[in-house]
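Protein chains: 2
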Amino acid sequence: MTQTFFSRLQPGMRLELGSYTFEAEAIKTFARQFDPQPFHLDETAAEQSHFGRLCASGWHCCAVFMKLYVRNGETALREAMGWTGAMPDRGPSPGFRDLKWLRPTYAGDTLAYRSTLLAARASQSRPGWGLMQSEIEATNQNDESVMRFVSTVFISTR
Amino acid sequence: MTQTFFSRLQPGMRLELGSYTFEAEAIKTFARQFDPQPFHLDETAAEQSHFGRLCASGWHCCAVFMKLYVRNGETALREAMGWTGAMPDRGPSPGFRDLKWLRPTYAGDTLAYRSTLLAARASQSRPGWGLMQSEIEATNQNDESVMRFVSTVFISTR
Numbered sequence: 001m002t003q004t005f006f007s008r009l010q011p012g013m014r015l016e017l018g019s020y021t022f023e024a025e026a027i028k029t030f031a032r033q034f035d036p037q038p039f040h041l042d043e044t045a046a047e048q049s050h051f052g053r054l055c056a057s058g059w060h061c062c063a064v065f066m067k068l069y070v071r072n073g074e075t076a077l078r079e080a081m082g083w084t085g086a087m088p089d090r091g092p093s094p095g096f097r098d099l100k101w102l103r104p105t106y107a108g109d110t111l112a113y114r115s116t117l118l119a120a121r122a123s124q125s126r127p128g129w130g131l132m133q134s135e136i137e138a139t140n141q142n143d144e145s146v147m148r149f150v151s152t153v154f155i156s157t158r
Numbered sequence: 001m002t003q004t005f006f007s008r009l010q011p012g013m014r015l016e017l018g019s020y021t022f023e024a025e026a027i028k029t030f031a032r033q034f035d036p037q038p039f040h041l042d043e044t045a046a047e048q049s050h051f052g053r054l055c056a057s058g059w060h061c062c063a064v065f066m067k068l069y070v071r072n073g074e075t076a077l078r079e080a081m082g083w084t085g086a087m088p089d090r091g092p093s094p095g096f097r098d099l100k101w102l103r104p105t106y107a108g109d110t111l112a113y114r115s116t117l118l119a120a121r122a123s124q125s126r127p128g129w130g131l132m133q134s135e136i137e138a139t140n141q142n143d144e145s146v147m148r149f150v151s152t153v154f155i156s157t158r
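Just so you know, the sequences run in chain order X and L. The first sequence: position 4 = 4 (the UniProt record's numbering), numbered continuously. The second sequence: position 38 = 38 (the UniProt record's numbering), numbered continuously.
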């Protein structure tokens with residue numbers, strides 16, 4: 001009997017999505033476009049702020065999650081499941097829950113991102129589709145948790 | 001008797017944060033950096049996807065909220081409250097709840113962002129500080145809701 005990809009999803013499965021070092025220039029470039037607050041734009045201004053040092057926009061930390069997820073998510077999922085078949089269709093993400101920025105990400109910090117599967121269940125509203133719910137976490141080089149949220153994506157159950 | 005800024009916050013208060021048109025080039029530039037999926041990168045590939053047309057990364061829609069909030073939030077808040085005094089200190093955002101991407105944002109769409117104050121309460125853990133909880137919503141040029149989330153920020157009660 002052939003098992004579907006969906007039926008093989010195991011809550012607790014953990015995927016390492018890779019890491020990214022937030023260099024000062026990248027922090028400032030993102031901030032100039034999307035979050036031009038002094039502590040994301042300029043070292044001296046950051047020293048005078050409650051952060052004390054140049055640090056990345058929380059949205060920059062989110063965007064880097066997406067970058068790593070797109071680049072490494074499928075490979076990590078295949079490896080964790082020992083899956084070599086075709087990947088099931090995936091739908092759009094309806095959103096996320098409970099995003100927490102727990103600590104600043106300072107210039108030079110390296111964040112490692114991982115995803116832990118919380119649940120996989122059939123969708124009530126879309127036959128043939130299931131919902132994968134995962135906790136996403138980023139930790140810095142001191143193994144401190146800096147960001148956490150719960151992500152949901154649609155995935156084919158076929 | 002002088003009222004503090006914090007004590008004058010009224011749930012239901014609505015702030016218009018401005019609008020932004022998602023041009024195809026900006027959608028692709030964001031996607032190349034942070035969300036390189038075919039339907040965010042290329043018109044032809046997008047036509048063959050479940051979206052049907054080039055559309056913006058959900059994280060791009062979030063980042064543009066931040067851009068408009070930084071640019072226009074303070075002015076909108078002053079106007080809504082009739083406040084001409086000094087602005088209270090604001091702390092970092094501890095995070096967001098319940099982000100929903102309700103509809104795609106297609107190339108050429110213009111999103112208008114607004115914030116509605118849900119609650120303002122004193123912080124239990126940080127004396128002298130309060131928490132402002134707001135619903136953020138973006139609607140497109142057809143007045144359809146495309147994104148919604150609940151934001152929380154620390155603000156001085158003094």
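Here a beta-carbon is modelled for each residue, glycine too, at the ideal position from N, C-alpha and C.
Can you give me the Cβ contacts of residue 68(L) inside the same chain, cut-off strictly under 6 angstroms, excluding the 5 residues immediately before and after it?
-> Closer than 6 angstroms at the Cβ level, and outside the excluded window around residue 68(L), lie 17, 18, 113.
So, residue 107(X) versus residue 24(X), is the Cβ gap smaller than 7 angstroms?
-> Yes, they are a contact pair.
Neighbourhood of residue 63(X) by C-beta, 7 angstroms cutoff - its chain only, sequence neighbours within 5 removed | Excluding residues within five positions, none has a Cβ falling inside 7 angstroms.
Is residue 130(X) near residue 119(X), with beta carbons less than 7 angstroms apart?
-> For residue 130(X) and residue 119(X), no; Cβs fall outside 7 angstroms.
Starting from residue 55(X), follow its DSSP beta bridges and name the residues at the other end.
-> 106(X), per the DSSP bridge assignment.
Would a check of beta-carbon distances place residue 98(X) closer than 7 angstroms to chain L?
-> Output row for residue 98(X): interface = yes.
Close beta carbons around residue 94(X), own chain, < 6 angstroms, minus the five adjacent residues each side = Excluding the 5 residues flanking it on each side, residue 94(X) has same chain C-beta neighbours closer than 6 angstroms at 152, in chain order.
Would you give the residue range spanned by the alpha helix (DSSP H) that residue 29(X) belongs to?
-> Counting along the chain, the alpha helix (DSSP H) containing residue 29(X) begins and ends at 24 to 34.
Local conformation of residue 73(L) per DSSP, three classes | Taken through DSSP and simplified to helix, strand or coil, residue 73(L) comes out as helix.
What residue does the beta strand (DSSP E) around residue 152(L) start on, and which one ends it?
-> Residues 145 to 156.
Whether residue 157(L) touches residue 6(L) by CB criterion (7 angstroms) = Yes, they are a contact pair.
Beta-carbon separation of residue 103(L) and residue 144(L) under 7 angstroms?
-> Yes; because the gap between Cβ atoms is below 7 angstroms, this pair is in contact.
Does any heavy atom of the ligand FAD sit closer than 6 angstroms to the C-beta of residue 77(L)?
-> Of ligands this structure carries none, so the ligand FAD is not represented either.
Give the single residue among 141(L), 127(L), 150(L) whose Cα lies nearest to the Cα of residue 21(L).
-> The shortest Cα separation from residue 21(L) among 141(L), 127(L), 150(L) belongs to 141(L).
Based on Cα-Cα distance, which residue from 100(L), 91(L), 127(L), 82(L) lies nearest to residue 15(L)?
-> Closest by alpha carbon: 82(L).
Is any beta-carbon of chain X found at less than 7 angstroms from that of residue 61(L)?
-> With its beta carbon at least 7 angstroms from every one in chain X, residue 61(L) lies outside the interface.
Could you pull out every residue in the same chain whose Cβ sits closer than 8 angstroms to the Cβ of residue 110(X), ignoring the five residues on either side in sequence?
-> The residues are 19, 20, 21, 22, 140, 141.
Looking at chain X, which residues of the region 123 to 150 of chain L have a Cβ within less than 7 angstroms of any of its Cβ atoms?
-> Going along the region 123 to 150 of chain L in chain order, one finds no residue with a Cβ nearer than 7 angstroms to chain X.
At which residues does the alpha helix (DSSP H) containing residue 39(L) begin and terminate?
-> Membership of residue 39(L) in the alpha helix (DSSP H) is indicated by the continuous run 38 to 41.
Min CB distance residue 36(X) to chain L below 7 angstroms = Output row for residue 36(X): interface = yes.
Pull up the distance between the alpha-carbon of residue 155(X) and that of residue 55(X), whole angstroms please.
-> One Cα belongs to residue 155(X), the other to residue 55(X), and the distance between them is close to 35 angstroms.
May I ask you to list the residues that DSSP assigns as paired with residue 95(X)?
-> Bridge partners of residue 95(X): 152(X), 100(L).
Contact list for residue 156(X) against chain L, beta-carbon separation under 7 angstroms | Residues of chain L passing the Cβ test: none, with the nearest at roughly 11 angstroms.
Nearest-angstrom Cα separation, counted from residue 36(L) out to residue 70(X) = Cα-Cα distance, rounded: 7 angstroms.
Residues of the region 85 to 110 of chain X whose Cβ lies closer than 9 angstroms to any Cβ of chain L, in chain order | Of all residues in the region 85 to 110 of chain X, those with a C-beta nearer than 9 angstroms to a C-beta of chain L are 89, 91, 92, 93, 94, 95, 96, 97, 98, 99, 100, 101, 102, 104, reading in chain order.
What does DSSP give as the partner residues of residue 121(L) in its beta bridges?
-> According to DSSP, which records beta bridges pairwise, residue 121(L) is partnered with 131(L).
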